[in-house]
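In our numbering, the protein residues as written are 2 to 180. All C-beta atoms in this analysis are idealised placements derived from N, C-alpha and C, irrespective of residue type, glycine included. What you are looking at is a predicted structure, and each value in this text was computed from that prediction instead of being measured.
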């Protein structure tokens, strides 16, 4: 099991913002791994979760058309900024999966959680009328900004469910938890 510190965020050391992910020991005195994640556009890491095996799950937003994908549900950026969901193996050396998640307008993934089966739960915002849905609670876009709630399979290439949640104004999903 994992017992340490994880970090996901952006660094302003390049012209765009690559995502930096790092893992340290429980004491914080030794670095387990550190890696960049991103493409040639704007890349922003907003949340990170870890499973019992030490795998790191990261979500955020990207405008990169060359963001790294592996076994994706969505292989390409639909338009503008899309949310992304990435699973890094426990030693940080490889992508288990990495996928775009978005429609024809604007998405940001703000919160991520993982269950005991390795399924990822993601929430954030969308302005797209064609955000990918699966067995939705709310099948259509409510207006302006809507929350999205998506459950990705443990392989990252299928949606267990995905739904809009919102009315006609500003709705934001910042955090998510599973038990």
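Just curious, the beta strand (DSSP E) that residue i is in, first and last residue?
| i | result |
| --- | --- |
| residue 62 | 57-63 |
| residue 166 | 160-166 |
| residue 121 | 121-127 |
| residue 107 | That residue, residue 107, is in no beta strand (DSSP E); it is neither H nor E in DSSP. |
Just to confirm before moving on: does the CB-CB distance between residue i and residue j stay below 9 angstroms?
| i | j | result |
| --- | --- | --- |
| residue 80 | residue 110 | no |
| residue 123 | residue 88 | no |
| residue 149 | residue 171 | no |
| residue 158 | residue 130 | no |
| residue 168 | residue 144 | yes |
Taking residue i and residue j to be in contact with their CB atoms under 8 angstroms, please state how far apart those CB atoms are, rounded to whole angstroms.
| i | j | result |
| --- | --- | --- |
| residue 84 | residue 108 | 4 angstroms |
| residue 37 | residue 94 | Contact doesn't hold; Cβ gap of about 13 angstroms is too wide. |
| residue 71 | residue 98 | 5 angstroms |
Would you list the residues sitting across from residue i in a DSSP beta bridge?
| i | result |
| --- | --- |
| residue 114 | 122 |
| residue 49 | 59 |
| residue 135 | 163 |
| residue 148 | 126 and 166 |
| residue 84 | 62 and 102 |
| residue 44 | 63 |
| residue 71 | 99 |
Worksheet item: Is the stretch 39-47 in contact with the stretch 56-66, if contact means three or more CB pairs nearer than 8 angstroms?
Response: yes
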